[in-house]
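Novice: Once you've had a glance at the structure underneath, I'll fire off some questions.
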Amino acid sequence: MRASFEQLEAFVTTHSEGSFSAAARKCNKAQSVISTLVANLEVDLNVELFDRSRRYPTLTDAGEMLISQAEILLERRSRFLAIADALSMTLENRITLAMAPHIKLANLGEIIRTFSADFPSVDVEIQSFAAGDIQRLVVQGEVDLGIILEPEGIPQSLDFRSLGSLKLVCVSHPESPLSHTPSVSWEELRLHRQILLKEADNPNSAILKASPSIWHVSTATEAIDLVRADLGWSALPLHAVDIFVQTGALKILPLQFETKPYAERSVDMVWSFEKPMGQATAKLCELLAENAVIQNSTMA
-16 MRASFEQLEA
-6 FVTTHSEGSF
4 SAAARKCNKA
14 QSVISTLVAN
24 LEVDLNVELF
34 DRSRRYPTLT
44 DAGEMLISQA
54 EILLERRSRF
64 LAIADALSMT
74 LENRITLAMA
84 PHIKLANLGE
94 IIRTFSADFP
104 SVDVEIQSFA
114 AGDIQRLVVQ
124 GEVDLGIILE
134 PEGIPQSLDF
144 RSLGSLKLVC
154 VSHPESPLSH
164 TPSVSWEELR
174 LHRQILLKEA
184 DNPNSAILKA
194 SPSIWHVSTA
204 TEAIDLVRAD
214 LGWSALPLHA
224 VDIFVQTGAL
234 KILPLQFETK
244 PYAERSVDMV
254 WSFEKPMGQA
264 TAKLCELLAE
274 NAVIQNSTMA
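Position 294 of the sequence shown, counted from 1, bears residue number 277 in my numbering, the numbering being contiguous throughout.
Here is the structure:
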């Protein structure tokens, strides 16, 4: 055997952690063991993977070419073992589904009913957490499936699938100066206080954070209360505000920089491919992937 998975893990972890000592701590091994594994891999492959002339090891040209392949091999091994473990598992007693609080599935009840018909003995627990917490809990194995809004970056141990998109609109009080502007520019938004959902504070979603003057809230309900009191504008899910828009309590702002009256953000389902996915979890994952309908209106 020219390369073992243990050697590849030492190689990849040394690169990702930046040193042999850090890799040793990550792998819970002695530094000498990590160094030996990498050195033996270099001998077996007949290439030098790291330049050790500096304080910290850096990839050589050969190392640069091989690191991504090593990462892929380790990932495929993890998936292979997870599938094998799942095949030998007994039926789960409980499945935990975690959803970001601003995301709603219009047909969640129908999906769970279909699932329960096939797996009547399996309990389904549905919880609500912020997207970052959901990713962490899925990685830790405390949550089986997570539904989140457009993650900034997904950990390597997670897999994901898009379920659709969530519509967001910028709203203000109908008597706000912004509501009387036929086309609201980015600069005009910045001149007024923003009521920002903490979960929406994502640097990759610029529409969600514009103003230098920001009041943070935890829920869409709190944001709506403050906007209705004419204390600022907010970017919120359409399903949370459309009833207020229809009654005239709120007004959707026509944004100069958006071609549609709303912005769309991808909704993704995430799970860990390192944790064995049992038969029931796999079925619920399949039902959600094929049938989930993101709620974008209270009229849906």
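Using N, Cα and C, we set each Cβ at its ideal position, and we do this for glycine too.
With respect to the beta strand (DSSP E) encompassing Phe143, which residues constitute its N-terminal and C-terminal limits?
Specialist: Position 160 of the sequence shown holds residue 143. Here the beta strand (DSSP E) through Phe143 covers 141 to 155.
Novice: Report the option in Glu269, Phe102, Leu221, Glu54 whose CA atom is closest to the CA atom of Glu75.
Specialist: Here the question's residue 75 lines up with position 92 in the sequence shown. The candidate whose alpha carbon is nearest that of Glu75 is Phe102.
Novice: For Val105 versus Leu80, is the C-beta spacing smaller than 9 Å?
Specialist: Translated into the one-based positions of the sequence shown, residue 105 becomes position 122. Translated into the one-based positions of the sequence shown, residue 80 becomes position 97. Against a cut-off of 9 Å, the Cβ pair of Leu80 and Val105 comes out as no contact.
Novice: In the DSSP output, what is Trp216 paired with across the bridge?
Specialist: In the sequence shown, the residue the question calls residue 216 occupies position 233. BP columns for Trp216 point to Gln177.
Novice: Leaving aside the five residues before and after Gln14 along the sequence, list all residues of the same chain whose C-beta is less than 7 Å from its C-beta, in chain order.
Specialist: Sequence index remark: in the sequence shown, residue 14 carries index 31 (1-based). So the qualifying residues of the chain are Phe3, Ser4, Ala7.
Novice: Alpha carbon to alpha carbon, how far is Ala22 from Ala(-7)? Give it in angstroms, no decimals.
Specialist: Counting from one through the sequence shown, the residue named residue -7 turns up at place 10. Counting from one through the sequence shown, the residue named residue 22 turns up at place 39. Taking the straight line joining both Cα atoms gives about 10 Å.
Novice: Measure the alpha-carbon distance for Asn187 versus Glu133 and round it to whole angstroms.
Specialist: Stepping through the sequence shown from its first residue, residue 187 is reached at position 204. Stepping through the sequence shown from its first residue, residue 133 is reached at position 150. With a pLDDT of only 45 at Asn187, under the threshold of 50, the placement of this residue in the model should not be trusted, and no figure is reported.
Novice: Kindly indicate the opening and closing residues of the beta strand (DSSP E) around Val30.
Specialist: Counting from 1 along the sequence shown, the entry for residue 30 is found at position 47. First-last for Val30: undefined, no H or E at that position.
Novice: Do you know how far the Cα of His199 is from the Cα of Arg176?
Specialist: By 1-based counting over the sequence shown, the position of residue 176 is 193. By 1-based counting over the sequence shown, the position of residue 199 is 216. Answer to the nearest angstrom: the Cα atoms are 11 Å apart.
Novice: Among Ala(-14), Val167, Gly1, Arg96, which residue has its Cα nearest to the Cα of Leu56?
Specialist: In the sequence shown, counting from the first residue as 1, residue 56 sits at position 73. The candidate whose alpha carbon is nearest that of Leu56 is Ala(-14).
Novice: Could you check whether Ser217 and Val228 sit closer than 9 Å to each other, using their CB atoms as the reference points?
Specialist: The residue you call residue 228 lines up with position 245 of the sequence shown. The residue you call residue 217 lines up with position 234 of the sequence shown. For Val228 and Ser217, no; Cβs fall outside 9 Å.
Novice: Give the single residue among Gly92, Ser99, Gln118 whose Cα lies nearest to the Cα of Leu141.
Specialist: Along the sequence shown, read from residue 1 onward, the residue named residue 141 stands at position 158. Looking at the Cα atoms, Gln118 is the closest of the given residues.
Novice: Would you tell me roughly how many angstroms separate the C-alpha atoms of Ala114 and Val276, rounded to the nearest one?
Specialist: Taking the sequence shown and counting its residues from 1, the one referred to as residue 114 is at position 131. Taking the sequence shown and counting its residues from 1, the one referred to as residue 276 is at position 293. Cα to Cα, the separation comes out at about 19 Å.
Novice: Have a look at Leu42, Arg37, Arg38, Ser36 and flag the residue whose alpha-carbon is nearest the alpha-carbon of Val30.
Specialist: Here residue 30 refers to the residue found at position 47 when the sequence shown is read from its first residue. Val30 has its Cα closest to that of Leu42, out of Leu42, Arg37, Arg38, Ser36.
Novice: Take every Cβ of the stretch 80 to 99, pair it with every Cβ of the stretch 45 to 52, and state whether three or more of those distances are shorter than 8 Å.
Specialist: Touching, no.
Novice: Quick one: measure Cβ to Cβ for Glu247 and Ser145, integer angstroms, because I've assumed they're closer than 8 Å.
Specialist: As a working note, residue 247 is residue 264 in the sequence shown. As a working note, residue 145 is residue 162 in the sequence shown. Not quite, the Cβ-Cβ distance comes to about 11 Å (not below 8 Å), so this is no contact.
Novice: For His222, count neighbouring Cβ atoms within 10 angstroms of its own Cβ and tell me buried if that reaches 16, exposed if not.
Specialist: Taking the first residue of the sequence shown as position 1, residue 222 is located at position 239. So His222 ends up on the buried side.
Novice: Which residues in the same chain as Ile95 place their Cβ atom closer than 7 Å to its Cβ, once the five residues preceding and following it in sequence are excluded?
Specialist: Taking the first residue of the sequence shown as 1, we reach residue 95 at position 112. Cβ neighbours of Ile95 beyond the five flanking positions: Val107.
Novice: Look up Asn187 in the DSSP assignment and say whether it is helix, strand or coil.
Specialist: For the purposes of this step, residue 187 is taken as residue 204 along the sequence shown, with counting starting at 1. With a pLDDT of 45 at Asn187, under the threshold of 50, the modelled position of this residue cannot be trusted; read the value that follows with caution. In this structure, Asn187 counts as coil in the three-state DSSP scheme.
Novice: So within the stretch 86 to 125, which uninterrupted alpha helix (DSSP H) runs reach at least 4 residues, ignoring any that extend past its ends?
Specialist: List check, alpha helix (DSSP H) in window: 91 to 101, 114 to 123.
Novice: Got a sec, what are the start and stop residues for the alpha helix (DSSP H) Arg8 sits in?
Specialist: The sequence position of residue 8 within the sequence shown is 25, counting from 1. Where Arg8 is concerned, the enclosing alpha helix (DSSP H) stretches over 3 to 10.
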